[in-house]
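Colleague: Residue numbers (our numbering), protein chains in the order written: chain A, 1 to 500; chain B, 1 to 518. Have a look at the structure that comes next, please.
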C-alpha cells in the first residue's frame, strides 16, 4: 500500500501539492485563501514546515481543536493530584473532561487525591445574572469541610466567568487569607480565549508563576536535602504512566527526580522545583513558558528531550547527561546498554511486521514530531503530520529534526481535509484522536489514538516502546482489516481499484 | 526489569513490578504527603452519618454530578434527521467535547461543527462567525439541513440566532430556502435532556410553523400516523430499531422523529458515512398531520410535547418504559391510538419475558438496589425492579426536578416493594456515595462513573445508562420492548450470579455454595 516507497521525492511532492490544491477547491474563496496557508509540503533544508499556525480556526469547518479551559484544566492543572480543581461555570466542561485523560496517579481518591473527581460550580441562570463570586466563596468552604486533606484549590474558569465580570482573584485572595495562607489559584482559562488549547497552557503556566512561585515562603520548602543531581520532569502528564516509565530511566542513570509536572504531581513538587538543577522538558508546547520563567528567575537551565523510541531515548539520555558530571554520563551509557537487549528483541519481533508501513499523524503539542522516531525505529514512515495547536517553533523543530522531505503538513486540519488526505494517500496507519478514530476505521484504515494511547500505554521510555510496538502491530496487522469488504463485493471493488 | 518483547506488559501490570513500586514509594518524600493514619481516619469519617449530613447540607458545590449540558442533547437530537449537520454557535472547545463524549459512548464518529467564537466575538457578537460558518459548513459537508444550537458563551453575550441566520441567508451563506432550524440551548439551564427538547422543538417549529417567517405555516390535515420520540438515550441504536420493529409488526403508519439509530451504528466497510438514516425532512414536516405523538421520555420532551399538543395532536408520554407493565402500557397505547390489533407475535414475546422472569425471579426478589441517571431512565428502571420483586432503596437524578420526585414517589407508593425507597432530585454521585455507605444496598445501577462508587463502597455496579465508556456495544441492543426487558433482566442476573460466585469461590473455605447450577 505504501505509495511513498514506489515514488520519487519529486513525484511525492507533486502529488501532495496537487492534493492540497484539490482539497482547497471545496471552500468559498475567502476560506480557501486562509486554509491555503496552513497546508504545505515540507521541503528539506527549510527552517520550518512552510505553514502558518496558532491562528484562529475558521468557523464551520469542523476543526478538531479544543479550548483554553481544556488546555488548563484538562492538561496542565488537572493532573496535580492533591489539589481540588473546580470547573467553574456550567456543568458541561467538567463533565466531558471527567477522568478521560488517563493522567495516572497514586493516591486515595476522594480523600487525599482528587484527579478523577468532577468538582463544578454547576452554574444556573441566577449565577449568570447575579454573578458567581458568592457561590464560589461558599464552594471553597464546602470543599474545605468535606475534603479537608486537599492541599490546595484551583479555579478553572469556563466561558461565562470572564463575560459576567466575576472577580475570582479577589475571592481567591480573601479565602486564602481566611484559611491561613492556603494555596488557592484562580485561572482565567475561559474557553473563548485564544485560538485553541494552547493559550490555556500558557495561562495555566502563568498561574503557577503568579500564584505558586509568587507565594513561596522563604523557609521550610523543600523538605528534603538538595543534591547536585536533582531534576524536574516538565511537561509529562503521565498518560497511561508515561512519566513513571521515564522517571525510572532518569533515576537509573543517577539523577534524582524531585518533581513531576504535572502527571502524578503534587503541590509540594511544584513548590520544590525552583531547587532543581535542571528542568527536563518533554512537552515543549505546554510548558516551555514556565521553564523559561524558571531559567530567568531561578537560573535553572532546561533541556528538551524525547522518550519515544530507542533512538530518541538514547539521544535524549546523553543530552540530559551532558548537563552533569561523568558519573551521570556513565549512568546514561549504562542505562542505554541495560535496555539494549529489550530494544533489540522488540525490534526483532515487530520490525519485520511493520517495515515500510506508512503513517499519518495529527495530534496535539509534541507528538506530531516526537513519535516519528519511534515509528522509524520500527521501520515505519511518517508521510503526513500536523499540529492541532502548535506554533511556529513547533514546526521549526519538526522541520529541522524530524520530518522527511516532501512530507505532507497540515496545521489545524479539519474533518474534511483529513479525510481527503487519508483517502488519497492510503496510509497503513493513522494516529490521531477519539474524534478521528472511528471515521478512519470505517474507511478501513487502522488507527491508534495518540492522545490517550487508545487506553494503553505507557509509551515513554524503553518499557513504553515495547508497548508502542505491540500496539502499532496489533492495529496495522489486525485480521479485521482484511474483512471489511463482503466477499461477494470484493471482486467488484478490485475491479474499481484496477481501473484507477 | 519486567518488560519483555515476548510478553509485553502494559499499564495494567507493568507498574506492579517491584522496581516501579520502589520508585513510587521513593517519590512520596517529594509529595509532602498526608500522614497515612490521618488519610485513614478521614476515609472512615466520610463513611459516617455525620459526614452524610454535612454532605447533604451542600448548597453550592457539585461533586460528580450525573448530568451534562444542553448542547450535547441538541447535537444528539439533530443528527437524527436526514443529512443534518449540527452547528453549535459559540466557543469551539465545547463541540470538541460533545463529539468526544458521544464517540466514547457509541464507539462511532460524531460529526458536528462550531462557529469558533473567540475574544473578538465576545465583544462584537458572533454574527460574522455565523455567516462564515454556515457558508463553510454548507460547502464542505453538503448537508441537507444545518441545525443550530448555542454554547453558554453565545447565550451570555445574547446572540440572536433568528436574526443571525436571517442575515446570513441574506448574505448568501446558504440558499434562502435551505433549512436552518435553531434552538437556544444555554448550558446554565437544565441539562442535556433540556437541550434535546429545545433542539427537537426548534426543528419541528421550523417545519411546521413557517420556517422562521419565510414560508407559510403548515395546515394540519390529520391522518392515522403516529410520531415517536425516543428522547436522549444511550441505547438509542437498539431501542429505536426495536420500536420500529414493533410498529411495523403492528402495521402502524409512523414517523420516528430524531431517529439517530443509523448514524450511531454505521458499518465498517471502507466507507465513512457522515450522515446515515435519520428522519427525512419531508417526514419531519408531515409529522404535523399525525394523529398522535408518543414520547418515550416525558422529561426529555416537555416543551416539544406542549408544542405538538398546541397543533392539535394527541400526546402520550412514557418514562423510559422497561419491563412488562411499562411495555404493556406502551403496546396498548399504540393499539388504542392506531386502532390496530396487537399481533400474536407480541403476545409471544411478552410471554417469553414473563417466562424469563418466572425462571429467575427468586434471585432478584428482595434484593436492594440504588439507581441513578436521567429522570426517565430512573423511573423506568425502578418500575421494572418493582415488578421483579426487587426493592429500590435510593433513586437519584441530578437532572430530576420536584415534579419528577413526586411522580417517582407515587410509583414507589404503588408497590409493596417500593416502601423503603427515597427519591433524590438534584443530587450528585458524591451524595450517592454517602447513601451507599450509610444505607447499603446489594446493587447499584448507573453509568460508567458508577465504577468509582463501586470501588469506594463495594456495591456491585450494573452498567445501565449514559455514558457507558468502559464496556462495549451494549447500546446496540434494546432495553425497550419485551426483548429489551429481557436484556435488562439478563444484565441484572449476570451481575447477581457473578457476585454469588465471587463470594463463594475461596478454595478450602467455601467449597460449598460454589454451585454449578443456579
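Glycine included, every Cβ here is placed at the ideal spot set by N, Cα and C.
Any C-beta of chain B within less than 8 Å: which residues of the stretch 113-124 of chain A qualify?
Modeller: Under the 8 Å Cβ criterion, the stretch 113-124 of chain A contributes 116, 117, 118, 119, 120, 121, 122, 123 and 124.
Colleague: Distance check for residue 462/B and residue 510/B, CA to CA, integer angstroms please.
Modeller: Here residue 510/B is taken as the residue at index 510 of the second chain, counted from 1. Here residue 462/B is taken as the residue at index 462 of the second chain, counted from 1. Looking at the two C-alpha atoms, the distance is approximately 25 Å.
Colleague: For the stretch 433-471 of chain A, list the alpha helix (DSSP H) runs that are entirely contained and at least 4 residues long, ordered along the chain.
Modeller: 434-442
Colleague: Flag this pair as yes or no: are the beta carbons of residue 201/B and residue 307/B separated by less than 8 Å?
Modeller: For this step, residue 201/B is matched to residue 201 along the second chain. For this step, residue 307/B is matched to residue 307 along the second chain. A contact, by the Cβ cut-off of 8 Å.
Colleague: Give every residue of the same chain whose Cβ lies closer than 7 Å to the Cβ of residue 503/A, excluding the five residues on either side of it in the sequence, and list them in chain order.
Modeller: Beyond the ends of chain A as shown, which are 1 and 500, falls residue 503/A; an answer cannot be given.
Colleague: If you draw a straight line from the C-alpha of residue 133/A to the C-alpha of residue 190/A, how long is it?
Modeller: Counting from 1 along the first chain, the entry for residue 133/A is found at position 133. Counting from 1 along the first chain, the entry for residue 190/A is found at position 190. Each residue's alpha carbon lies about 16 Å from the other.
Colleague: Quick check: the Cα distance between residue 55/A and residue 174/B, rounded to an integer number of angstroms?
Modeller: Position 55 of the first chain holds residue 55/A. Position 174 of the second chain holds residue 174/B. Residue 55/A and residue 174/B: Cα-Cα distance of roughly 25 Å.
Colleague: Which whole-angstrom value is the C-beta distance of residue 152/A and residue 183/A, which I expect to be below 8 Å?
Modeller: The sequence position of residue 152/A within the first chain is 152, counting from 1. The sequence position of residue 183/A within the first chain is 183, counting from 1. At roughly 4 Å, the Cβ-Cβ gap stays under 8 Å, so residue 152/A and residue 183/A are in contact.
Colleague: Relative to the alpha-carbon of residue 442/B, which residue among 3/B, 401/B, 470/B and 503/B has its alpha-carbon at the smallest distance?
Modeller: For the purposes of this step, residue 442/B is taken as residue 442 along the second chain, with counting starting at 1. Comparing Cα positions, the closest option is 503/B.
Colleague: To be precise: take each residue of the stretch 266-285 of chain B, compare its Cβ to all Cβ atoms of chain A, and keep it if any distance is under 9 Å. Which residues remain?
Modeller: 266, 267, 268, 269, 270, 271, 272, 273 and 274
Colleague: Report yes if the CB atom of residue 69/B is closer than 8 Å to the CB atom of residue 184/B, and no otherwise.
Modeller: Numbered from its first residue, the second chain carries residue 69/B at position 69. Numbered from its first residue, the second chain carries residue 184/B at position 184. Against a cut-off of 8 Å, the Cβ pair of residue 184/B and residue 69/B comes out as no contact.
Colleague: Does the stretch 385-398 of chain A touch the stretch 368-375 of chain A, meaning 3 or more C-beta pairs lie closer than 8 Å?
Modeller: yes
Colleague: Give the C-beta separation of residue 530/B and residue 28/A to the nearest angstrom, bearing in mind that I take them to be a contact with Cβ-Cβ under 8 Å.
Modeller: Chain B is shown from 1 up to 518; residue 530/B falls before or after that span and cannot be answered.
Colleague: Since residue 172/A contacts residue 186/A with CB under 8 Å, what's their CB separation in whole angstroms?
Modeller: Against the first chain, residue 172/A aligns to sequence position 172. Against the first chain, residue 186/A aligns to sequence position 186. Confirmed, Cβ separation roughly 4 Å.
Colleague: May I have a chain-ordered list of the alpha helix (DSSP H) segments no shorter than 4 residues that lie completely inside the stretch 414-459 of chain B?
Modeller: 429-438 and 450-457
Colleague: Let me make sure I understand the geometry here. Which of 419/B, 171/B, 8/B and 293/B has the alpha-carbon closest to that of residue 257/B?
Modeller: Position 257 of the second chain, counted from the first residue, corresponds to residue 257/B. Per the Cα distances, 293/B.
Colleague: May I ask you to list, following chain order, the residues of the stretch 135-167 of chain A that have a beta carbon less than 7 Å from some beta carbon of chain B?
Modeller: Flagged, chain order: 135, 138, 139, 142, 143, 145, 146, 148, 149, 159, 160, 163 and 164.
Colleague: To be precise: take each residue of the stretch 469-484 of chain A, compare its Cβ to all Cβ atoms of chain B, and keep it if any distance is under 7 Å. Which residues remain?
Modeller: 470 and 484
Colleague: If we define contact as Cβ-Cβ less than 8 Å, is residue 411/A a contact residue for chain B?
Modeller: For the purposes of this step, residue 411/A is taken as residue 411 along the first chain, with counting starting at 1. No, residue 411/A does not count as interfacial toward chain B.
Colleague: Might you give, ordered along the chain, the residues of its own chain that have their beta carbon closer than 7 Å to the beta carbon of residue 380/B, omitting 5 neighbours on each side?
Modeller: Here the question's residue 380/B lines up with position 380 in the second chain. Excluding sequence neighbours, residue 380/B sits near 319, 320, 321, 322 and 326.
Colleague: Classify residue 223/B: buried if its beta carbon has 16 or more other beta carbons within 10 angstroms, exposed otherwise.
Modeller: For the purposes of this step, residue 223/B is taken as the residue at position 223 of the second chain. By the neighbour-count rule (16 or more Cβ atoms within 10 Å), residue 223/B is not buried but exposed.
Colleague: Taking only three categories from DSSP, how would you classify residue 98/A?
Modeller: By 1-based counting over the first chain, the position of residue 98/A is 98. Of the three classes helix, strand and coil, the one that applies to residue 98/A here is coil, per DSSP.
Colleague: So is residue 237/B in contact with chain A if we call contact Cβ pairs under 8 Å?
Modeller: Position 237 of the second chain, counted from the first residue, corresponds to residue 237/B. Chain A contact via Cβ: absent.
Colleague: List the endpoints of the continuous beta strand (DSSP E) containing residue 320/B.
Modeller: The sequence position of residue 320/B within the second chain is 320, counting from 1. That residue, residue 320/B, is in no beta strand (DSSP E); it is neither H nor E in DSSP.
Colleague: Give the residues of chain A in contact with residue 43/B, contact being defined as C-beta atoms less than 7 Å apart.
Modeller: Indexing the second chain from 1 puts residue 43/B at position 43. What residue 43/B touches in chain A: 108 and 111.
Colleague: Give me the Cα-Cα distance between residue 180/B and residue 165/B, rounded to the nearest whole angstrom.
Modeller: Numbered from 1 along the second chain, position 180 holds the residue referred to as residue 180/B. Numbered from 1 along the second chain, position 165 holds the residue referred to as residue 165/B. If you take the alpha carbons of residue 180/B and residue 165/B, they lie about 7 Å apart.
Colleague: How would you call residue 505/B, buried or exposed, if buried means at least 16 neighbouring beta carbons within 10 angstroms?
Modeller: Here residue 505/B corresponds to residue number 505 of the second chain, with the count starting at 1. That one is exposed.
Colleague: Nearest by alpha-carbon distance to residue 164/A: which of 169/B, 123/B and 148/B is it?
Modeller: To locate residue 164/A, count along the first chain from 1; it is residue 164. In this structure, 123/B is the residue among 169/B, 123/B and 148/B with its C-alpha nearest to the C-alpha of residue 164/A.
Colleague: Within 8 Å (strictly less), CB to CB, does residue 171/B reach chain A?
Modeller: Taking the first residue of the second chain as 1, we reach residue 171/B at position 171. Not an interface residue.
Colleague: Quick one: using the 10 Å Cβ neighbour count with 16 as the cut-off for buried, is residue 212/B buried or exposed?
Modeller: Here residue 212/B refers to the residue found at position 212 of the second chain. By the neighbour-count rule (16 or more Cβ atoms within 10 Å), residue 212/B is buried.
Colleague: Helix, strand or coil for residue 468/B per DSSP?
Modeller: Taking the first residue of the second chain as 1, we reach residue 468/B at position 468. Coil at residue 468/B, not helix or strand.
Colleague: Could you name the residues of the same chain whose beta carbon sits closer than 6 Å to that of residue 460/A, not counting the 5 residues immediately before and after it, in chain order?
Modeller: Numbered from 1 along the first chain, position 460 holds the residue referred to as residue 460/A. Apart from sequence neighbours up to five positions away, the residues of its chain that approach residue 460/A with a beta-carbon distance below 6 Å are 242, 245, 246 and 307, ordered along the chain.
Colleague: Among 275/B, 244/B and 265/B, whose alpha-carbon lies nearest the alpha-carbon of residue 226/B?
Modeller: Here the question's residue 226/B lines up with position 226 in the second chain. Minimum Cα distance to residue 226/B is reached at 244/B.
Colleague: In the DSSP assignment, the beta strand (DSSP E) including residue 156/A goes from what residue to what residue?
Modeller: Position 156 of the first chain, counting from 1, holds the residue named residue 156/A. 152-157 is the span of the beta strand (DSSP E), which, as asked, contains residue 156/A.
Colleague: Residue 170/A versus chain B: which residues are under 8 Å apart at the beta carbon?
Modeller: For this step, residue 170/A is matched to residue 170 along the first chain. Per Cβ cutoff of 8 Å: no residues; residue 170/A is ~17 Å from chain B at best.
Colleague: Are residue 91/A and residue 62/B touching if we call contact CB-CB under 8 Å?
Modeller: What you label residue 91/A is simply residue 91 of the first chain in a count that begins at 1. What you label residue 62/B is simply residue 62 of the second chain in a count that begins at 1. For residue 91/A and residue 62/B, yes; Cβs fall inside 8 Å.
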